[in-house]
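The next block holds one structure in the form of structure tokens; read it before the comments.
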Amino acid sequence: MSASDVANEANDTNDADGGIDLETYADVWVFVEVHDGDVMAVSWELLEEGKKLTAKTGEDLVALVIGEDLDDVAREALERGADRVLVADDPVFEPYRADPYGAQFRAMVEERKPSIVLIGGTHTGRDFAGRVAVPTHAGLTADVTEIDVDDNGLLQARRPAFGGDILATILCKEHRPQMATVRPGVFEPGEPDLDGDWAVADKAVTAVDVVVDESETISEVLERNVGDTADITEADRIVAVGAGIEGNLEPAIDLAEAIGAELAASRAAVDEGWVDGSRQVGQTGKTVRPELYVALGISGAIQHVEGMNKSGTVIAINTDPNAPIFEHADYGIVGDFADVCPRLAETLRERDLTEVMP
Amino acid sequence: MTWTIVVGVKQVPDAKEVGIDPDTGRLDRANAPAVMNPPDRDALEAALSIKDVVDARVVAITMGPPMATPVLEEAVAMGCDDAVLITDRAFAGSDTWPTSLTLASAADTLGADVVVCGEETTDSSTGQVPPGIAAHNGWAQLTYVEDLEPRLDEERLVAVRDVEGGYERVAAELPVVVAVAYGEFDPRPAGLHRKLYAENDFEPIEWTAADLGIEDEVGLGVSPTSVGGMETVDPVDRRGEVVEDVDELANCLQEVIA
Numbered sequence: 020m021s022a023s024d025v026a027n028e029a030n031d032t033n034d035a036d037g038g039i040d041l042e043t044y045a046d047v048w049v050f051v052e053v054h055d056g057d058v059m060a061v062s063w064e065l066l067e068e069g070k071k072l073t074a075k076t077g078e079d080l081v082a083l084v085i086g087e088d089l090d091d092v093a094r095e096a097l098e099r100g101a102d103r104v105l106v107a108d109d110p111v112f113e114p115y116r117a118d119p120y121g122a123q124f125r126a127m128v129e130e131r132k133p134s135i136v137l138i139g140g141t142h143t144g145r146d147f148a149g150r151v152a153v154p155t156h157a158g159l160t161a162d163v164t165e166i167d168v169d170d171n172g173l174l175q176a177r178r179p180a181f182g183g184d185i186l187a188t189i190l191c192k193e194h195r196p197q198m199a200t201v202r203p204g205v206f207e208p209g210e211p212d213l214d215g216d217w218a219v220a221d222k223a224v225t226a227v228d229v230v231v232d233e234s235e236t237i238s239e240v241l242e243r244n245v246g247d248t249a250d251i252t253e254a255d256r257i258v259a260v261g262a263g264i265e266g267n268l269e270p271a272i273d274l275a276e277a278i279g280a281e282l283a284a285s286r287a288a289v290d291e292g293w294v295d296g297s298r299q300v301g302q303t304g305k306t307v308r309p310e311l312y313v314a315l316g317i318s319g320a321i322q323h324v325e326g327m328n329k330s331g332t333v334i335a336i337n338t339d340p341n342a343p344i345f346e347h348a349d350y351g352i353v354g355d356f357a358d359v360c361p362r363l364a365e366t367l368r369e370r371d372l373t374e375v376m377p
Numbered sequence: 260m261t262w263t264i265v266v267g268v269k270q271v272p273d274a275k276e277v278g279i280d281p282d283t284g285r286l287d288r289a290n291a292p293a294v295m296n297p298p299d300r301d302a303l304e305a306a307l308s309i310k311d312v313v314d315a316r317v318v319a320i321t322m323g324p325p326m327a328t329p330v331l332e333e334a335v336a337m338g339c340d341d342a343v344l345i346t347d348r349a350f351a352g353s354d355t356w357p358t359s360l361t362l363a364s365a366a367d368t369l370g371a372d373v374v375v376c377g378e379e380t381t382d383s384s385t386g387q388v389p390p391g392i393a394a395h396n397g398w399a400q401l402t403y404v405e406d407l408e409p410r411l412d413e414e415r416l417v418a419v420r421d422v423e424g425g426y427e428r429v430a431a432e433l434p435v436v437v438a439v440a441y442g443e444f445d446p447r448p449a450g451l452h453r454k455l456y457a458e459n460d461f462e463p464i465e466w467t468a469a470d471l472g473i474e475d476e477v478g479l480g481v482s483p484t485s486v487g488g489m490e491t492v493d494p495v496d497r498r499g500e501v502v503e504d505v506d507e508l509a510n511c512l513q514e515v516i517a
């Protein structure tokens with residue numbers, strides 16, 4: 020069946036005035052993002068959050084997996100609480116490309132009619148979500164940080180607006196599915212239940228028809244170069260750098276090593292190329308929730324603060340006493356990070372904190 | 260073959276100038292000056308950099324009120340050959356679905372081979388319009404683009420894309436929609452001659468929704484999403500203590516990690 024046939028079939032559910040019958044749409048879908056066998060952490064965060072939605076709606080929680088050689092991923096989705104798993108397994112999906120992913124996902128949505136679709140707000144998720152939402156005329160809310168559902172199954176997708184000072188609730192009242200890309204790191208993943216009878220539950224895994232053929236694709240991955248992706252959302256301690264470090268990473272790394280912290284950065288430091296984008300904290304980066312967050316040379320723009328607000332204790336080191344970061348920190352010191360960091364690291368090493376570190 | 264390159268630009272309130280209204284405590288965007296969405300400057304540079312190596316005509320388009328014309332003049336001053344203002348009251352209330360439909364229709368009408376956009380706009384920051392344009396037209400797309408390499412003989416555009424933990428090089432068939440990563444293209448300055456032309460002699464083409472044949476498919480009525488409410492975000496309560504020396508700061512850290 021071609022993609023256009025699928026579209027025509029879906030149009031049959033439209034009534035005369037162009038509206039759709041909302042009652043024909045059910046279930047909460049969570050997209051499980053896999054690259055070369057590795058699952059992006061946000062997928063499991065969304066699956067856990069999806070459980071809360073289906074607990075209210077009484078619907079099924081469905082994991083959607085697209086890629087190649089996905090048996091292990093499908094099983095893990097069941098272990099982590101999916102009621103059912105839909106698997107589109109084909110070499111055409113590895114490595115990721117927008118057009119085959121979009122066409123496949125769209126075909127699944129049109130055939131099976133989910134009510135809610137949650138996609139991680141990764142580069143991949145934000146890349147293909149529109150290729151599903153546009154042809155299905157679904158509502159798509161980008162970069163969501165809070166989700167809930169009301170008694171009628173209406174998704175309440177909340178996202179920061181106007182630079183982060185306001186949280187807007189976005190609704191999709193007359194279209195389905197209700198789609199959202201959700202910022203990574205905002206929710207906590209659950210623990211897998213390894214004791215379930217997954218051999219029986221394998222019946223809950225459905226291999227779907229692959230509607231994409233390599234000969235129809237309009238893009239080609241010539242080269243892919245990906246190292247280990249840093250996952251700063253899991254870190255207990257973070258040392259983050261901003262524009263104020265002026266490319267001088269050494270003192271930050273020294274301090275991070277002294278306290279067993281992951282390195283992170285503001286958008287400014289990532290844009291300068293000092294730190295990889297996978298380590299960016301903030302509105303366009305990740306939301307982190309460490310017990311300790313040390314901000315070096317970060318001015319404290321609202322877009323950055325939003326990504327670190329879930330931190331336990333925030334410490335700021337900045338030469339500018341008027342930097343807004345001091346208002347968003349528990350403790351701060353006015354000084355040059357290149358001077359403060361080595362002395363701080365040395366002091367902590369002298370106190371031999373290594374013994375209490377995990 | 261001459262490539263037609265369409266660049267989407269948008270006028271937004273200057274984020275640096277958005278203040279807090281002292282009476283309501285809400286953000287006051289109305290008094291912020293209107294400027295070109297900063298990531299769109301990167302898009303313009305990316306488009307013009309293609310023209311540096313390929314025979315091309317670069318056309319800037321914007322969807323907005325007539326007072327958005329200055330962003331088109333800026334684009335022409337930077338080196339765009341022409342510009343289109345898509346303006347109509349029918350667009351009021353459009354979310355990303357009709358917005359991307361409108362830009363997709365305009366790009367198609369212009370015969371675009373390449374559409375270049377900024378990563379996102381600073382006022383709504385969804386980043387969904389470039390993939391939406393590609394989806395409406397069934398075209399290829401390249402997002403988070405850091406570098407471009409046009410291949411005239413293959414009729415393909417190759418891009419280096421930022422992906423989590425690394426990068427990839429992807430070749431896309433024309434027509435293709437490109438969203439460039441913010442900060443990756445260094446916008447060229449406008450020449451004085453072009454500036455004078457843009458300000459004094461240039462008039463953009465104006466299109467309405469009817470000109471594009473989409474008057475029944477735009478605006479609030481066809482927008483799948485709506486705003487259900489707005490809440491101000493309460494700042495997290497922090498101690499805000501500033502200490503005098505490193506020893507004291509070490510005590511604070513030790514308190515947390517010990």
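Those protein sequences? They're chains S and Y, same order as listed.
Going by the numbering used here, the first sequence opens with residue 20, and the numbers climb by one from there.
Going by the numbering used here, the second sequence opens with residue 260, and the numbers climb by one from there.
Where is the CB? At the ideal position from N, CA and C, for every residue including glycine.
Below the 7 Å Cβ cutoff, chain Y contributes T484 as neighbours of S/T160, in chain order. Counted as a single uninterrupted DSSP element, the beta strand (DSSP E) harbouring S/G86 occupies residues L80 to G86. With respect to chain Y, the C-beta atom of S/L190 has a partner C-beta closer than 7 Å. Look at S/K329 here: in three-state DSSP terms it is coil, with no helix or strand label. Per DSSP, Y/C376 is one residue of the beta strand (DSSP E) stretching across V373 to G377. Judged by DSSP in its simplified three-state form, Y/A306 adopts helix. Sequence-ordered contacts of the region 497 to 509 of chain Y with chain S read R497, R498, G499, E500, V501, V502, E503, D504, V505, D506, E507, L508 and A509 [C-beta pairs closer than 9 Å]. Straight-line measurement puts the Cα of S/V53 at about 9 Å from the Cα of S/E87. For Y/P390, the nearest CB of chain S lies under 7 Å from its own CB, placing it at the interface with that chain.
Looking at the DSSP output, Y/Q400 shares a beta bridge with Y/V436. Distance from S/A96 to S/L66 at the Cβ level is roughly 7 Å; contact confirmed, criterion being Cβ atoms closer than 8 Å.
Identification of chain Y residues near S/V353 by a Cβ-Cβ cut-off of 7 Å yields V501, ordered along the chain.
Straight-line measurement puts the Cα of Y/G480 at about 42 Å from the Cα of S/L241. For S/V353, the beta-bridge partners assigned by DSSP are S/N337.
Between the region 179 to 187 of chain S and the region 37 to 48 of chain S there are fewer than three C-beta pairs closer than 8 Å, too few to call the two in contact. Taking a cut-off of 8 Å on C-beta distances, the region 315 to 334 of chain S touches the region 284 to 292 of chain S, as three or more cross pairs fall below it. Here the region 335 to 355 of chain Y makes no contact with the region 414 to 422 of chain Y; the two share fewer than three CB pairs at distances below 8 Å. Nearest to Y/D493 by alpha-carbon distance, out of S/I138, S/K329 and S/D91, is S/K329. Taking the C-beta atoms as reference points, Y/D311 is found no nearer than 7 Å to Y/V439. Annotated three-state conformation of Y/M260 is coil, per DSSP. Three or more Cβ pairs drawn from the region 265 to 277 of chain Y and the region 290 to 300 of chain Y lie within less than 8 Å of each other, which places the two stretches in contact. About 7 Å separates the CB atoms of S/A60 and S/E253; that is less than 8 Å, so the two are in contact. Secondary structure of Y/V495 (DSSP, three-state): coil.
CA-CA distance, S/R131 to S/L137, rounds to 15 Å.
Nearest CB-CB separation between S/V153 and chain Y: below the 7 Å threshold. Three or more Cβ pairs closer than 8 Å define a contact, and the region 151 to 165 of chain S meets that threshold against the region 470 to 486 of chain Y. For S/L268, the three-state secondary structure derived from DSSP is coil.
Listed along chain Y is no residue with a C-beta nearer than 8 Å to that of S/R308; the closest approach is about 12 Å. The C-beta of S/Y120 comes no closer than 7 Å to any C-beta of chain Y.
Counting along the chain, S/L65 sits inside the alpha helix (DSSP H) bounded by residues A60 to T76.
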